[in-house]
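The next block holds one structure in the form of structure tokens; read it before the comments.
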Amino acid sequence: MTTTTTGKIKGIIANLVLIEPNGPVRQNEICYLSTGAEDEKLIAEVIKISGNTVFAQVFDSTRGLQCGAEVAFSGSMLEVYLGPGLLSKNYDGLQNDLDKLEGLFLQRGKQAYPLNDTQLWQFEPLTQPGAVLSVGDWLGKVPEHGLQHMIMVPFDWQQRFTLQWIAPPGQYTIQETIAILADHNGKEHPLNMVRKWPVKLPLRAYRQKLRPQKLLETGIRIMDTLHPMLEGGTGFIPGPFGCGKTVLQQSIAKQADADVVVVAACGERANELVDIFAEFPELVDPRTGNKLIQRTVIIGNTSSMPVSAREASVYTAMTICEYYRNMGLRVLLLADSTSRWAQALREMANRLEDLPGPDAYPVDLPAVIANFYARAGVVQLNNGKTGSVTFIGTVSPAGGNFKEPVTEATKKSTRCFYALSQRRADSKRYPAIDPIESYSKYTEYPEFAAYMAKIAGNQWLQQVQQLKNYLLKGKEAADQINILGDDGVSIDFHLHYWRAELIDFVLLQQDAFDAVDQLTPLHRQQFMTGLCLYICNKNIVFANFVETRSFFKKIINTLRQMNYSEFKSDIFNSYSDEVNQLITLHLALQNNP
Amino acid sequence: MKLKPFQKRITKIENVTKATCMLLASEIGYEELALVDGRLAQVVKIKGSEVTLQVFAGAEGISNYAEVVFLGQAPSLAVSEKLNGRFLDAYGRPVDGGPEIEGIETETGSTSVNPVRRRQPNIPIFTGIAGIDLNNTLVAGQKIPFFADPDQPYNEVMATVALRANADKIILGGMGLTHDDYLYFKEEFRRAGALNKIIAFVNTSENPPVERLLIPDSALTAAEYFAVNHKEKVLVLLTDMTLYADALAIVANRMDQIPSKDSMPGSLYSDLARIYEKAVQFKDGGSITIIAVTTLSQGDITHAIPDNTGYITEGQLFLRKDPETGKVIIDPFRSLSRLKQLVIGKKTRQDHPQVMNAAIRLYADAAEARTKMENGFDLTDYDLRTLQFARAYNQQLLSVEVNLPMDAILDTVWQLFGQFFRKEEVSVKDELVNLYWKDNDATAISIQ
Ligand SMILES: Nc1ncnc2c1ncn2[C@@H]1O[C@H](COP(=O)(O)OP(=O)(O)O)[C@@H](O)[C@H]1O
Ligand SMILES: [Mg+2]
Chain V
3 MTTTTTGKIK GIIANLVLIE PNGPVRQNEI CYLSTGAEDE KLIAEVIKIS
53 GNTVFAQVFD STRGLQCGAE VAFSGSMLEV YLGPGLLSKN YDGLQNDLDK
103 LEGLFLQRGK QAYPLNDTQL WQFEPLTQPG AVLSVGDWLG KVPEHGLQHM
153 IMVPFDWQQR FTLQWIAPPG QYTIQETIAI LADHNGKEHP LNMVRKWPVK
203 LPLRAYRQKL RPQKLLETGI RIMDTLHPML EGGTGFIPGP FGCGKTVLQQ
253 SIAKQADADV VVVAACGERA NELVDIFAEF PELVDPRTGN KLIQRTVIIG
303 NTSSMPVSAR EASVYTAMTI CEYYRNMGLR VLLLADSTSR WAQALREMAN
353 RLEDLPGPDA YPVDLPAVIA NFYARAGVVQ LNNGKTGSVT FIGTVSPAGG
403 NFKEPVTEAT KKSTRCFYAL SQRRADSKRY PAIDPIESYS KYTEYPEFAA
453 YMAKIAGNQW LQQVQQLKNY LLKGKEAADQ INILGDDGVS IDFHLHYWRA
503 ELIDFVLLQQ DAFDAVDQLT PLHRQQFMTG LCLYICNKNI VFANFVETRS
553 FFKKIINTLR QMNYSEFKSD IFNSYSDEVN QLITLHLALQ NNP
Chain F
92 MKLKPFQKRI TKIENVTKAT CMLLASEIGY EELALVDGRL AQVVKIKGSE
142 VTLQVFAGAE GISNYAEVVF LGQAPSLAVS EKLNGRFLDA YGRPVDGGPE
192 IEGIETETGS TSVNPVRRRQ PNIPIFTGIA GIDLNNTLVA GQKIPFFADP
242 DQPYNEVMAT VALRANADKI ILGGMGLTHD DYLYFKEEFR RAGALNKIIA
292 FVNTSENPPV ERLLIPDSAL TAAEYFAVNH KEKVLVLLTD MTLYADALAI
342 VANRMDQIPS KDSMPGSLYS DLARIYEKAV QFKDGGSITI IAVTTLSQGD
392 ITHAIPDNTG YITEGQLFLR KDPETGKVII DPFRSLSRLK QLVIGKKTRQ
442 DHPQVMNAAI RLYADAAEAR TKMENGFDLT DYDLRTLQFA RAYNQQLLSV
492 EVNLPMDAIL DTVWQLFGQF FRKEEVSVKD ELVNLYWKDN DATAISIQ
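Going down the list, the protein sequences come from chains V and F.
In terms of our numbering, the first sequence opens at residue 3 and continues consecutively.
In terms of our numbering, the second sequence opens at residue 92 and continues consecutively.
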């Protein structure tokens, strides 16, 4: 893996440098550029080799760089460090520990080691000398914030190994040897707790990939009930600016039932990262009682940080996810926004003078996106256990128009589509997920239906279908009323319209900033769905559309009060009684006018 | 910026375009400054010995035998307290007749703040303009533009906001500012007795367009000096960022870059983000708040400039003329302050979030009623009441002429609710209704 290739810079265009090497160079190899300043080395990645010219993207500002400057090639691709201590860290896109970097401002060419070499971890062996082991097998474990962090056989060790020695239970640093393995030639390989992996290559080391089947509960009603995301599933959230992509992703990050959550802030606002820094250490994960930050890893490459590192940031995040997945954990990756990564690729393609594809994006953009989403999934590990990486990315379409390359390519690579609608956002119907245009392909999976029947009862998916039917009918009715006017349609149209409004206001809309409303567990979603369907299915007759509206406005208002109240609390129950009274009262009037 | 004397001299230019020139030179640093026939220029591309320079004042009249002097440094600004009250050009040279600024020479366009060294913004900025304070509350450390058609009074509104914002320092970055507007700002600041806390970097429409590219970096370098070294609350005004982006497009075009949407460079998002992300709340109290102007053409916010801006900034304030009342209002639908939830109901009265949302929902109902009316349909009693509400809401709250304290704004909304609606039509949490609802006898009559 080691080379001694060096080179000299012979061109600089923003963050692209042209290098003349004196030996072999590999695609995606990392190299270091001298700026002339003492111990300031800029990291760059080879992105094209053409004749005797190497093109490299610099993960930093190139200000002051000169032609003729020395370049040292590293022989390896961009790698991340994997080991105990990743959880609750704040990294940049290249896995520098942001908390360790000195100063108010980021400084060029400064690196900060992502792990802690002196901290002690309580190691417990899981195998015995003599055991035959292969890639990814669990050697031992250390507790990390309530999780079992598995120490595994390195992911690029392709043969079988025999365990010669394993450390007894006790306290070790990540650099201490905890096992010695012998290869088939009898050569001994000592191992500590740190692994490395090149981010652009999928970390596999599993037996097989499975189809997702289990609901990933998020507490967000329109997702869990209508368009569910599954453990190991893929989905994306496209939407014009201000429609709620980030708020939705942050809600998912806070509430989703996952063991580990990796948040990749890719080319977006620094203040949105600060929200996470400020809130996650305070918020409690209701399922474990731990602080949310303890299950979270943050990869922050915000919009004013070096553009090339945006691409690296999503790969860094995915690699950390795959690593925890191989411990048999359920991992969730959220990336906001994948469009910024695509734009970084576009900026670079432009500087390389590559032939542009649609909207000047690189021609291979769809393939790049598809390959990335394909790294998500449920896997069965070599020991039979399962682990998963669920991936939800946001997309920021130019002009809010979904007919653009990034949205289209992502739609082909994902199974769930959460389309944010400008109209819904404008009328503050949050989350602004369009209930009709959006979909989850997983609802067609028989194994998912079986799973839901088990956890939510046999009627559940039928009830969901009823909700969808009401929403569709309501939309048709709304269109007709718009064309023909309130008086131009029969009272039935108004009834359809208001039933859909009821479902919209009570089930679909959800205030992400209200302490109670923001998180609705599945059983509460089932309760409210049942109640809404009960009202919609009730044979209620109205004299005219004004009466229809006034009845529904009242009942919607009361149902919303229920959403704001603690489930099954006295106040919740009293609103529930009020709903029944409204119906009884109306039925009495309708039968004895 | 101060220019150091002699570095490297070249007297042959290979090729000249409108805004760039290319020559042969070695040992030149990327982004280094140079003087081309006395005009400031910056290295934007190096390929072997071919060095391309962007000439800020434009390359008109430059001869291929002009003298080029390399300065061996990137753009910089002298910062010190002597900046207070000064009016400077894009290069940081005084245009107010005063002396050169003395201070610490500081590189502009520096790196960003480490995200972990930021504090979550939580200090509201009140402007008295209810369309802002109620629906789009501003917070120190925020970055937010006005989106406005060229005929809207955006500079006037921005000046009003700046003067009421209670900032320690106001830094104006004028790009392509008309001379009239430049004098207007000067006069407004003088009348308010605020001249000593103003610093202005101005490129007027009479100056070469590419010079504008220097303005935001200079303004923000000065802002960082006061926010970091003096822990001041700095407000930076950038007008008009559309003209800034146009200048970026000119340069990109001269460098034969493949344009993306609307002839803008593919790097527009990153270029604008680099500027806007300078907005920050530091942990020790200093802050930089950026209020910008992005002019629209025919209200089109899908154009690449407002579109990329909206994806970067923390909301936008949309100026629109309400045809019925003739007032310029802050449009509640398209406007947004993304930081408002950090302060509303916390630093303002508890009913603020719900009151704000309820009023906008009713305003949306009014918009639908208006569509119905325009399509010739009969209006219900509810429709009519929403229309009356919308009229009063426009006049008493959304108009940019309004100047009310926060609690008075909230009370006004409750008063309008009581005047036009029943409690359940407003759909606000019962506990708040019980506290704040203002009954109005007129309601009883207008509702059957
Ligand atoms: N579920 C929600 N509940 C309440 N407000 C929301 C919700 N989603 C979005 N918003 C509002 O919309 C604004 C913009 O949301 P954000 O997620 O930042 O948009 P985007 O990332 O799509 O640009 C937020 O600041 C907030 O005011
Ligand atoms: Mg966002």
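Backbone N, C-alpha and C define an ideal beta-carbon position, used for all residues, glycine too.
All of these numbers come straight from a predicted model, not from anything done at the bench.
Taking the Cβ atom as the reference point for each residue, do Ile-381(F) and Phe-238(F) lie within a distance shorter than 8 Å?
-> Not in contact: Ile-381(F) and Phe-238(F) (Cβ atoms no closer than 8 Å).
Please name the residue, chosen from Ile-403(F), Asn-246(F) and Gly-417(F), that lies closest to Gly-265(F) on a Cα-to-Cα basis.
-> Comparing Cα positions, the closest option is Asn-246(F).
Spatially closest choice to Ile-16(V) from Tyr-499(V), Gln-59(V) and Asp-41(V), by CA coordinates = Per the sequence presented here, residue 16(V) reads as Ala, with Ile not at that position. Selected option, being the one with the closest Cα: Gln-59(V).
Uninterrupted beta strand (DSSP E) stretches inside the stretch 266-352 of chain F (no shorter than 3 residues) = Counting whole runs of 3 or more residues, the stretch 266-352 of chain F contains the beta strand (DSSP E) stretches 289-295 and 324-330.
At a Cβ cut of 9 Å, what residues of the stretch 182-211 of chain V count as close to chain F, listed as they run along the chain?
-> Within the stretch 182-211 of chain V, no residue places its CB atom closer than 9 Å to a CB of chain F.
Can we count Asp-338(V) as close to ligand 2, meaning its CB is less than 7 Å from some heavy atom?
-> With a cut-off of 7 Å, the C-beta of Asp-338(V) is classified as near ligand 2, since at least one heavy atom of the ligand falls inside that distance.
Could you name the residues of chain V that Tyr-402(F) contacts, counting a contact when the two beta carbons are closer than 7 Å?
-> By Cβ distance, chain V contributes Phe-243 and Ser-398.
Cβ of Leu-427(F) less than 8 Å from any chain V Cβ?
-> Chain V has a Cβ within less than 8 Å of the Cβ of Leu-427(F).
Tell whether a beta-carbon distance below 8 Å holds between Lys-352(F) and Ala-395(F).
-> For Lys-352(F) and Ala-395(F), yes; Cβs fall inside 8 Å.
Confirm the yes/no value for this check: CB of Leu-250(V), any heavy atom of ligand 3, distance under 7 Å.
-> In the structure on display, ligand 3 does not appear, and the ligands it does have are ligand 1 and ligand 2.
Asn-575(V), enclosing alpha helix (DSSP H) - first and last residue = Asn-575(V) -> alpha helix (DSSP H) spans 572-593.
At a cut-off of 7 Å, is Ala-514(V) close to ligand 1 when judged by its beta-carbon and the heavy atoms of the ligand?
-> Yes, the Cβ of Ala-514(V) comes within 7 Å of a heavy atom of ligand 1.
Whole-angstrom C-beta distance between Phe-125(V) and Ala-169(V), which should lie under 8 Å = The pair is a contact, with the Cβ atoms about 6 Å apart (cut-off 8 Å).
N-terminal and C-terminal residue of the beta strand (DSSP E) that Asp-338(V) is part of | For Asp-338(V), the uninterrupted beta strand (DSSP E) run begins and ends at 332-338, by DSSP.
Tell me whether Glu-270(V) counts as near ligand 2, meaning its Cβ is closer than 7 Å to at least one heavy atom of that ligand.
-> Yes; taking the cut-off as 7 Å, the Cβ of Glu-270(V) has a heavy atom of ligand 2 nearer than that.
Just by C-beta distance, which residues in the stretch 166-198 of chain F are closer than 9 Å to chain V?
-> Look at the stretch 166-198 of chain F: the residues with a C-beta under 9 Å from a C-beta of chain V are Glu-198.
Whose CA, out of Leu-114(F), Asp-337(F), Glu-122(F) and Arg-452(F), lies closest to the CA of Gln-164(F)?
-> Of Leu-114(F), Asp-337(F), Glu-122(F) and Arg-452(F), the smallest CA-CA separation from Gln-164(F) is found for Glu-122(F).
For Val-142(F) versus Val-127(F), is the C-beta spacing smaller than 8 Å?
-> Contact annotation: Val-142(F) and Val-127(F) have beta-carbon atoms that are not nearer than 8 Å.
Within the stretch 221-256 of chain F, ranges of the alpha helix (DSSP H) (whole runs, at least 4 residues) | Listed in chain order, the alpha helix (DSSP H) runs fully inside the stretch 221-256 of chain F are 221-224 and 245-255, counting runs of at least 4 residues.
Under a CB-based cut-off of 8 Å, is Val-160(F) close to chain V?
-> It does not; no Cβ of chain V falls within 8 Å.
Inter-residue Cα distance where the pair is Asn-294(F) and Lys-418(F) | Answer to the nearest angstrom: the Cα atoms are 31 Å apart.
Which of helix, strand or coil DSSP assigns to Phe-468(F) = Residue state, collapsed to three classes: coil.
Quick one: which unbroken beta strand (DSSP E) runs of 3-plus residues sit fully inside the stretch 126-181 of chain F? Chain order, please.
-> Within the stretch 126-181 of chain F, the complete beta strand (DSSP E) segments at least 3 residues long are 130-138, 141-146, 159-161 and 167-170, listed from N- to C-terminus.
Compare the C-beta of Pro-215(F) against all C-beta atoms of chain V and say whether one is closer than 8 Å.
-> Chain V, which has no Cβ nearer than 8 Å to the Cβ of Pro-215(F), makes this no.
For Ala-533(F), count neighbouring Cβ atoms within 10 angstroms of its own Cβ and tell me buried if that reaches 16, exposed if not.
-> Per-residue confidence for Ala-533(F) stands at a pLDDT of 49, beneath the threshold of 50, marking its modelled position as unreliable; the derived number appears in the next sentence. Exposed, by the Cβ-count rule.
The alpha helix (DSSP H) enclosing Cys-245(V), as first and last residue numbers = Counting along the chain, Cys-245(V) falls outside any alpha helix (DSSP H), and DSSP gives it neither H nor E.
Just the Cα atoms here: how many angstroms apart are Arg-197(V) and Arg-28(V)?
-> Roughly 22 Å between the two C-alpha positions.
Any non-hydrogen atom of ligand 1 closer than 7 Å to Leu-420(V) Cβ = The question names Leu, yet the displayed sequence has Tyr at residue 420(V). Of the heavy atoms belonging to ligand 1, none sits nearer than 7 Å to the Cβ of Tyr-420(V).
If you count every other CB in all the chains shown that lies within 10 Å of the CB of Leu-122(V), and 16 or more means buried, which is it?
-> The residue is exposed, with fewer than 16 neighbouring Cβ atoms inside 10 Å.
Below 8 Å CB to CB, which residues in the same chain sit around Leu-455(F) once its five sequence neighbours on both sides are set aside?
-> According to the sequence as given, residue 455(F) is Ala; it is not Leu. The residues are Phe-424.
Looking at Lys-387(V) and ligand 2, is the gap between the Cβ and the nearest heavy atom below 7 Å?
-> Incorrect: Lys-387(V) has no Cβ contact closer than 7 Å to ligand 2.
Rounded to a whole number of angstroms, what is the C-alpha to C-alpha distance between Asp-398(F) and Leu-410(F)?
-> Distance from the CA of Asp-398(F) to the CA of Leu-410(F), rounded to the nearest whole angstrom, comes to 16 Å.
Glu-384(F) bridges to which residues according to DSSP?
-> For the record, residue 384(F) in the displayed sequence is Val; it is not Glu. DSSP lists Phe-237(F) as the beta-bridge partner residues of Val-384(F).
Is any beta-carbon of chain V found at less than 8 Å from that of Arg-345(F)?
-> By this cut-off, Arg-345(F) is not an interface position.
Measuring alpha carbon to alpha carbon, tell me which of Ser-571(V), Asp-572(V), Ser-567(V) and Thr-560(V) ends up nearest Gln-583(V).
-> Nearest neighbour of Gln-583(V) by Cα position, chosen from Ser-571(V), Asp-572(V), Ser-567(V) and Thr-560(V), turns out to be Thr-560(V).
For ligand 2, any of its heavy atoms closer than 7 Å to the Cβ of Lys-247(V)?
-> For ligand 2, at least one heavy atom lies less than 7 Å from the Cβ of Lys-247(V).
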